[in-house]
Amino acid sequence: MEGEGMERIEHVSLLPSEAYDRRQRDEAYLMELKEENLLFAYRTEAGLNGRSITGYPRIPMGDGIIR
Numbered sequence: 003m004e005g006e007g008m009e010r011i012e013h014v015s016l017l018p019s020e021a022y023d024r025r026q027r028d029e030a031y032l033m034e035l036k037e038e039n040l041l042f043a044y045r046t047e048a049g050l051n052g053r054s055i056t057g058y059p060r061i062p063m064g065d066g067i068i069r
């Protein structure tokens, strides 16, 4: 439809969708992850990070008795 005061549009492009933006952010985040970050929770649970999830101090090479 062309008429007085109207011009023909040759090319129209859409802005990136919200889903596309989210996918790009997620992909960038995943590419930044390091092995130590991915395994942190598992290592903490196993007591390999030097941190205690129980709140008690960890005794290295101890007999299992908290003093």
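Counted the way the working numbering counts, the sequence shown spans residues 3 to 69. Just so you know, even glycine gets a beta-carbon here, dropped at the ideal spot from N, CA and C.
How would you write the range of the alpha helix (DSSP H) that L40 sits in, first residue to last? Position 38 of the sequence shown, counted from the first residue, corresponds to residue 40. Residues 37-40.
Just curious, the alpha helix (DSSP H) that E34 is in, first and last residue? In the sequence shown, counting from the first residue as 1, residue 34 sits at position 32. Residues 20-34.
Quick check on DSSP: helix, strand or coil for A43? Reading the sequence shown from its first residue, position 41 is the one you call residue 43. The answer is helix: DSSP assigns A43 an H, G or I state.
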